[in-house]
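Visitor:
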Amino acid sequence: MNILLYNPDNEITNNFMPHLWMFLLKSLTPPGHKVFLIDGNARRMSSEDLVQYIRENEIGLVGIGAMTRMIRKAYHMADAVRAAGVPVVMGGPHVTEVPDEPLGRNGEARHADAIALGEADQTWPAIVADAARGELKEIYAPINSDGKEVKPPLGDYPVIPWDKMDLDQFNLIKHFPKMARRMLSLVGMTWQSFHMIPIESGRGCPYGCEFCTVTGFFGDSIRFRSNESVVNELLMLKAREKREKGKVAVFFIDDNFAINPRRTKSLLREIIARGAQVPWVAQISMNLLRDEELVSLISQSGGKWIFIGLESIDAENLKSVSKGFNKPDEYQAVLERLARHNLYAITSFIFGMDGDSTGVAKRTLDAIHSWPPGLPVFGLLTPYPATPLYDRLSAAGRLTRPKHWLEFKPFTMAFKPLGITVEEAESEVRQAWSSCYSPETIAASMEWLGSKSFPDRLIHLLSRLAFRGIYFPQMKRRDWIHVLYESRGPILSLLGQALMLKLRPQHRKPIVLKPQGLPEPAPLAREQAAG
Ligand code: B12
Ligand code: SF4
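Residue numbers (our numbering): 73 to 603.
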């Protein structure tokens, strides 16, 4: 049987990375079947395109996975596939959280023939076998004979054959502006491909933050893969990178990559010992980044960016969403520690919490601008189904759009906040994005990073321009031209640096424009105060 695994786009932005579930399920598919993968983020399709693809490739089963944010598109595509006579199985966090919805048991239209609840590593082979026999059941749940939920232990994690996977649709170099490609080639970085690959080293998080689905979905017990299997995967990617004359970076998608610091350190030591370093990004909560040895190992093993859910600079707010383990007083020290090791943070903030009042953006920005530059992202508190937050707001009658996912609108509140109006909260988010991604802030960040190596500075600039697109429309060519024009100052300065490197080939080491070390953050703070 030919199987298509499809992940819809979110209808607004493009993702920088393929979704792991597709590669994982492909690797877990029993022999005798051919699996095709389409990630709508890389290859946008209308429902007509999808149906045509299914006909051309004689697909007999379509598996669709989606987060809540993409579920509207997922249902739309599933409806078209089913209308074309091909069965659809849906899985992932959203359908697990509201299983009646895809099955049409809530009185509305049905979208899926079958659903896979929870982690599907162990149920997927049975789904494929049943579909091949034309005997799909409605619900596949990972339970044992006593009806108890079973979590895959990850000790026998499959080998994902990254070296053979067709990754063409995920080649990011195609999206690099020409100018960036020229700058890279000037300094000898003539990559034919650039892939960001998701790898998981473990699952589960015990922290139970009120707005998060992870503790409910993956559980509060943490499971890890062996160091060996993770390192082998990295080495396989490195071999591919060499063969393709390309570049690979890795996103360790664990919810909290350092949840067990001893184990994380042992993994990082093994990465270093076996020469498996690639540039990597991971999510780590700030309380675990107090550990200097851990931070040093992160840096030595290839770590570049750490995604940290700082969420709020107000300790009471953090307590109100069960995230009191974040200590705002320590944010600066943690970020400076990272910067001393050439690591930068993607700092995530949520507005609309019960303790927020007008001016929350300004207060947060004042703090951010006193820290080493990173990539701040801002969102509104969103009640995802089956989270404690959803239940609390629902019980209090505060949900204004209880099924917000069926009429998804980015950066739009779905409930009434307490100390601020819906419009004010949305406008605070806009203010925060506008300030952090203004041409002045981009220029100030690049100045702050003046002592860093050329590749570090280039990656920072490109990341900043790309992250801007999470909030501001940046999908069209003319939007990009506008953004590049606005940031011409730092771009020209980097171009100058690239030319210097080209003209002086003896400079194999990073060019240093200022003494190494942590420069004063003052210029950045000044720029922002002015903006
Ligand atoms: C990596 C990641 C991202 C990446 C992008 C996704 C990518 N390309 O991988 C980035 C950083 C961009 C991201 C962004 C966001 N993310 Co995110 N992300 C994750 C993360 C950390 C890992 C996803 C993953 O690969 N997990 C490992 C795989 C193996 O698990 P899985 O996807 O659940 O798949 C398993 C099962 O669900 C099932 N399954 C899944 N699909 C299918 C399909 C079929 C047919 C079958 C049979 C089974 C099946 O089988 C798999 C194996 O067991 C998860 C948390 C988590 N631990 O999962 C959050 C998570 C998915 N993200 C979440 C959210 C909210 C977001 C954002 C909306 C945040 C925001 N406010 O902007 C954005 C939206 C992105 C967008 N494109 O619009 C939520 C989703 C909650 C929900 N109900 O939808 C999660 C669960 C985290 C959370 N805090 O609750 N995210
Ligand atoms: S620490 Fe992160 S993954 Fe864990 S519950 Fe909180 S938000 Fe979710």
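Every residue gets a Cβ at the ideal spot worked out from N, C-alpha and C, and that includes glycine.
Since the structure is predicted, the reported quantities are computational estimates derived from the model, not experimental observations.
For E83, name the three-state secondary structure that DSSP assigns.
Guide: coil
Visitor: Once the 5 residues before and after A330 are set aside, which same chain residues still bring their CB inside 7 Å of it?
Guide: By the criterion of a C-beta distance shorter than 7 Å, A330 is surrounded in its chain by T336, I356, L360 and L366, once the five residues flanking it on both sides are discounted.
Visitor: Are the stretch 243-261 and the stretch 290-307 in contact at 8 Å, needing three or more beta carbon pairs?
Guide: no
Visitor: Using a Cβ-Cβ cutoff of less than 8 Å, which residues in the same chain neighbour A504 once the five nearest sequence positions on both sides are dropped?
Guide: F421, F423, A433, T436, L437, P448 and F450
Visitor: Would you say the beta carbon of G396 comes nearer than 8 Å to a heavy atom of the ligand SF4?
Guide: no
Visitor: If we count Cβ pairs, one from each stretch, closer than 8 Å, do we get three or more for the stretch 550-565 versus the stretch 494-508?
Guide: no
Visitor: Three Cβ pairs or more, each shorter than 8 Å: is that satisfied between the stretch 398-407 and the stretch 470-477?
Guide: The stretch 398-407, when compared against the stretch 470-477, does not touch it at the 8 Å Cβ threshold.
Visitor: For I385, would you say it is in contact with chain D, using Cβ-to-Cβ distances shorter than 9 Å as the test?
Guide: Among the chains in the structure shown there is no chain D, since it carries only a single protein chain.
Visitor: Might you give, ordered along the chain, the residues of its own chain that have their beta carbon closer than 6 Å to the beta carbon of E342, omitting 5 neighbours on each side?
Guide: Here the set comprises N299 and V303.
Visitor: Comparing the CB of S357 with every heavy atom of the ligand SF4, is any distance shorter than 8 Å?
Guide: yes
Visitor: Could you tell me the boundaries of the alpha helix (DSSP H) in which A405 lies?
Guide: Y403 to R412
Visitor: Considering only C-alpha positions, which residue in the set L189, E173 and Q124 is nearest to G157?
Guide: G157 has its Cα closest to that of Q124, out of L189, E173 and Q124.
Visitor: Hey, M162 and G137: beta-carbon distance below 9 Å or not?
Guide: Contact: yes.
Visitor: Give the C-beta separation of A354 and L307 to the nearest angstrom, bearing in mind that I take them to be a contact with Cβ-Cβ under 8 Å.
Guide: No, A354 and L307 are not in contact; Cβ-Cβ is about 18 Å, not under 8 Å.
Visitor: Using C-beta distances below 6 Å, list every residue in its chain close to I84, excluding the 5 sequence neighbours before and after it, in chain order.
Guide: P482
Visitor: Ordered along the chain, which non-local residues of its own chain (more than five positions away) have a Cβ less than 6 Å from that of D185?
Guide: P159, V160 and L208
Visitor: Tell me Y212's beta-bridge partners as DSSP assigns them.
Guide: A188
Visitor: Nearest CA to the CA of R560: which residue from M425, G176 and A515?
Guide: A515
Visitor: Could you check which residue in G446, H476 and E210 has the C-alpha nearest to that of E519?
Guide: G446
Visitor: Taking DSSP as the reference, what is the three-state secondary structure of P562?
Guide: If DSSP states are grouped into helix, strand and coil, P562 belongs with the helices.
Visitor: Within the present structure, is the beta-carbon of F324 separated from the nearest heavy atom of the ligand SF4 by less than 8 Å?
Guide: no
Visitor: Mind checking which residues open and close the alpha helix (DSSP H) that includes G288?
Guide: V286 to F290
Visitor: Could you check which residue in F283, W352, R275 and S368 has the C-alpha nearest to that of D326?
Guide: The residue with the shortest Cα to Cα distance from D326 is R275.
Visitor: Counting only the same chain and skipping the five closest in sequence on each side, list residues whose C-beta sits under 7 Å from that of S394.
Guide: These residues qualify, in order along the chain: G280, C281 and E282.
Visitor: Rounded to whole angstroms, how far is the Cβ of M149 from the Cβ of N82, which I believe are closer than 8 Å?
Guide: About 13 Å separates the two Cβ atoms, so there is no contact after all.
Visitor: Hey, would you say E426 sits closer than 9 Å to A311, going by beta carbons?
Guide: Reading the sequence as shown, one finds Asp at residue 426 and not Glu. No, these two residues do not count as a Cβ contact at 9 Å.
Visitor: Excluding five sequence neighbours on each side, which residues of the same chain lie with their C-beta closer than 7 Å to the C-beta of Q241?
Guide: D111, A114 and R115
Visitor: Relative to the alpha-carbon of R182, which residue among V222, D151, G219 and L96 has its alpha-carbon at the smallest distance?
Guide: When each option's Cα is compared against that of R182, the closest is D151.
Visitor: When the distance is taken between beta carbons, is F266 closer than 9 Å to I245?
Guide: For I245 and F266, yes; Cβs fall inside 9 Å.
Visitor: Out of L571, L575, M89 and V555, which one is the CA nearest neighbour of V320?
Guide: M89
Visitor: What does the shell around the ligand SF4 hold, if a residue joins when its beta-carbon is under 6 Å from any heavy atom?
Guide: C277, Y279, G280, C281, C284, V286, T287, D327, N328, S357 and G381
Visitor: Ignore the nearest five residues each way along the sequence and tell me which others in F480's own chain have a CB closer than 7 Å to its CB.
Guide: R141 and R144
Visitor: Please specify which runs of the alpha helix (DSSP H), each continuous and at least 4 residues long, are wholly inside the stretch 364-452, giving them in chain order.
Guide: Those alpha helix (DSSP H) runs which fall completely within the stretch 364-452 and span 4+ residues are 364-372, 387-392, 403-412 and 432-440.
Visitor: Is any heavy atom of the ligand B12 found at a distance shorter than 8 Å from the C-beta of D463?
Guide: no
Visitor: Can you tell me which of I380, P174, M237 and P224 puts its alpha carbon nearest to the alpha carbon of G94?
Guide: Checking the displayed sequence, the identity of residue 94 turns out to be Met instead of Gly. When each option's Cα is compared against that of M94, the closest is M237.
Visitor: Cβ of M139 within 8 Å of any heavy atom in the ligand B12?
Guide: yes
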